[in-house]
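Report on one structure; see the data block that follows.
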Amino acid sequence: MSNQPTRRDALAAAGAGLLIVKPETAFGSQANSAVPFGIIGTGGRGVYVGGHMARDKNARLAAICDLYPDRIDQAKTNIPGADKVKATKDLNELLAMQDIDAVLIATPVYLHPAHFEAAVKAKKHIYCEKPAGADVAGVKRLLKAGLAADPTKTIQFGFQQRFSPEYIKGLNYLKDGTLGEMKLMMSYWVLGGVPLQPFTPKYTGDEAKIRYWGYFMETSGGPIVEQDCHGIDTLNQFAGDRHPLKALGAGGLRYKRMYGDWKTDYQNITFFYPNGLEGALISIKQTCGFRSVKEQFFGSKAMLEMARTYLKLHGPIPTSPLKNADDLEDRSLIEKVESKREITIDAIESFFQSIVDKRPYNMTRTSAESTFTALMGRMAVDLKREVTWEEMLKAG
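Add 239 to the 1-based position in the sequence shown for this note's numbering, that's all there is to it.
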């Protein structure tokens, strides 16, 4: 399986192709090389990611798909050009379109395996939202399909941190020895509004299952799997793209759920990786607006903290040359880099650039393993004991 391209690779490839041409020639070539893509699922995430895709210089929106007319209308209103392309409620009709080369899968989590499998069989380039499934059986199904995919197709998942310039820079600090030996990893997913208020669903039956999928364990996987998997994926990546051997967790429910069946709204999980490395997830929901979403990596020479908006490198006190490093938290700060844009754009840019450059990569294994890791952590919290990788796999 090919590795993900680095931003250096992408920039080098782009630089190698610079030519002086007439403007009309350049624009014509860009239009001809744009990748036609379709959007499967035009709910909130589909509209957000699909909108960024429609604005990418290497992409051209060709069709949209959703079961519900109001969601189609939402896409037509909010995605550039969506009101001028084919709209269908039939997933298979979109996948059968020969003029579509790539698809965005932004459907409810429990449908990812089936929709991903169908897109693989249709031989499309695939950008599938995370996670890889809501349960072990579903992730196994997706993994099998992805590993058998056409090797000329890019298979990408919505783990955006892997494409952030700051996260790539941080990973390089690990690889070049700046951090020293990795000793401990932490991921914080602390965010949310006020506790869920009394809620009367507008829809019932199967439609409610689809529209309100995020409220239920069966359809979303719950908060650890659906949301915290971002941080878990980063822990796995910084552990050398290896999955942990076991997990130990605890958690609970502070607020009664007014709708849905979440079992926890806070959890602390320790993942035990090969060679004695540990990674911890601290996750708290319904925080009345407070937000702390970041990862920290403690090495023998330095400490690295990253979020979607910045990178901070800390070293031994008092080495900091930064003028703003006056308070106790930042007095050891030796480098700070702020993100220049929302990192989803970096992920989308990499996806389409890889297709145009014919340099495919496949994220199926790492994405499935990160989802399995989240499921193992969830089991450890639910069972209130240690759970091994093998036990988790047998559960599906």
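The C-beta atom is built at its ideal place from N, Cα and C for all residues, glycine as well.
If residue i and residue j are in contact, beta carbons under 8 Å, what's the gap, nearest whole angstrom?
{"i": "A619", "j": "I508", "result": "6 Å"}
{"i": "L543", "j": "G419", "result": "L543 to G419, Cβ: 11 Å. No contact."}
{"i": "F276", "j": "A301", "result": "6 Å"}
{"i": "T526", "j": "L430", "result": "6 Å"}
{"i": "D185", "j": "G635", "result": "The structure shown does not extend to residue 185, since the chain is modelled only from 240 to 635, so the question has no answer here."}
What did DSSP end up calling residue i once you bin it into helix, strand or coil?
{"i": "S403", "result": "coil"}
{"i": "H364", "result": "strand"}
{"i": "W628", "result": "helix"}
{"i": "A302", "result": "strand"}
{"i": "K575", "result": "strand"}
{"i": "G432", "result": "coil"}
{"i": "S589", "result": "helix"}
{"i": "I471", "result": "helix"}
{"i": "F398", "result": "coil"}
{"i": "N507", "result": "strand"}
{"i": "T393", "result": "coil"}
{"i": "Q337", "result": "coil"}
{"i": "Q535", "result": "strand"}
{"i": "K633", "result": "helix"}
{"i": "R294", "result": "helix"}
{"i": "G518", "result": "strand"}
{"i": "L484", "result": "coil"}
{"i": "D327", "result": "According to the sequence displayed, residue 327 carries Thr and not Asp. It is a strand residue."}
{"i": "A489", "result": "strand"}
{"i": "Y512", "result": "coil"}
{"i": "Y427", "result": "strand"}
{"i": "K408", "result": "helix"}
{"i": "K441", "result": "coil"}
{"i": "K422", "result": "strand"}
Taking the straight line between their C-alpha atoms, what separation do you get for residue i and residue j?
{"i": "D596", "j": "D295", "result": "15 Å"}
{"i": "Q399", "j": "Y406", "result": "10 Å"}
{"i": "G290", "j": "E588", "result": "13 Å"}
{"i": "Y549", "j": "L306", "result": "38 Å"}
{"i": "G416", "j": "I573", "result": "16 Å"}
{"i": "N601", "j": "P390", "result": "8 Å"}
{"i": "P319", "j": "E577", "result": "29 Å"}
{"i": "I365", "j": "G280", "result": "13 Å"}
{"i": "K328", "j": "C304", "result": "5 Å"}
{"i": "K422", "j": "R481", "result": "15 Å"}
{"i": "S531", "j": "A546", "result": "9 Å"}
{"i": "L309", "j": "E446", "result": "According to the sequence provided, residue 309 is Asp. The question's Leu does not apply to it. Near 13 Å, if we compare the C-alpha coordinates of E446 and D309."}
{"i": "T583", "j": "K363", "result": "21 Å"}
{"i": "F603", "j": "K325", "result": "Sequence check: residue 603 is Thr here, not Phe. So the two alpha carbons sit approximately 29 Å from each other."}
{"i": "V274", "j": "F591", "result": "7 Å"}
{"i": "G488", "j": "E630", "result": "15 Å"}
{"i": "K495", "j": "G538", "result": "40 Å"}
{"i": "E465", "j": "H553", "result": "31 Å"}
{"i": "V286", "j": "P555", "result": "45 Å"}
{"i": "G377", "j": "V359", "result": "15 Å"}
{"i": "G282", "j": "H354", "result": "15 Å"}
{"i": "S593", "j": "K392", "result": "9 Å"}
{"i": "V260", "j": "P440", "result": "No answer about V260 holds up, because its pLDDT of 38 lies below 50 and its placement is not dependable."}
{"i": "R617", "j": "D500", "result": "14 Å"}
{"i": "E534", "j": "Q337", "result": "42 Å"}
{"i": "F266", "j": "D585", "result": "Because the pLDDT at F266 is just 38, under 50, the model does not fix this residue reliably, and the value given afterwards should be weighed accordingly. Cα-Cα distance, rounded: 22 Å."}
{"i": "K485", "j": "F402", "result": "27 Å"}
{"i": "R493", "j": "D504", "result": "7 Å"}
{"i": "H351", "j": "K379", "result": "12 Å"}
{"i": "E457", "j": "K414", "result": "39 Å"}
{"i": "L343", "j": "R570", "result": "44 Å"}
{"i": "F477", "j": "A613", "result": "16 Å"}
{"i": "G490", "j": "G460", "result": "16 Å"}
Starting from residue i, trace the beta strand (DSSP E) in both directions and tell me its first and last residue.
{"i": "E544", "result": "542-546"}
{"i": "V274", "result": "274-279"}
{"i": "Y494", "result": "From DSSP, Y494 is part of no beta strand (DSSP E); its letter is neither H nor E."}
{"i": "K551", "result": "549-553"}
Which residue marks the beginning of the alpha helix (DSSP H) containing residue i, and which one marks its end?
{"i": "E465", "result": "461-465"}
{"i": "I449", "result": "444-450"}
{"i": "A607", "result": "603-622"}
{"i": "K379", "result": "375-386"}
{"i": "K315", "result": "308-317"}
Practice prompt. Tell me, please, whether the stretch 512-520 touches the stretch 413-430 by the rule of three or more beta-carbon pairs shorter than 8 Å.
Written response: Touching, yes.
Discussion item. Does the structure place the stretch 463-479 close enough to the stretch 604-616 that three or more beta carbon pairs sit under 8 Å?
Written reply: Of all C-beta pairs linking the stretch 604-616 to the stretch 463-479, three or more are shorter than 8 Å, placing the two stretches in contact.
Item to complete: Indicate whether the contact test is met: 3 or more Cβ pairs, each with one atom in the stretch 343-359 and one in the stretch 450-457, closer than 8 Å.
Response: yes
Worksheet item: If we count Cβ pairs, one from each stretch, closer than 8 Å, do we get three or more for the stretch 383-395 versus the stretch 622-630?
Response: no
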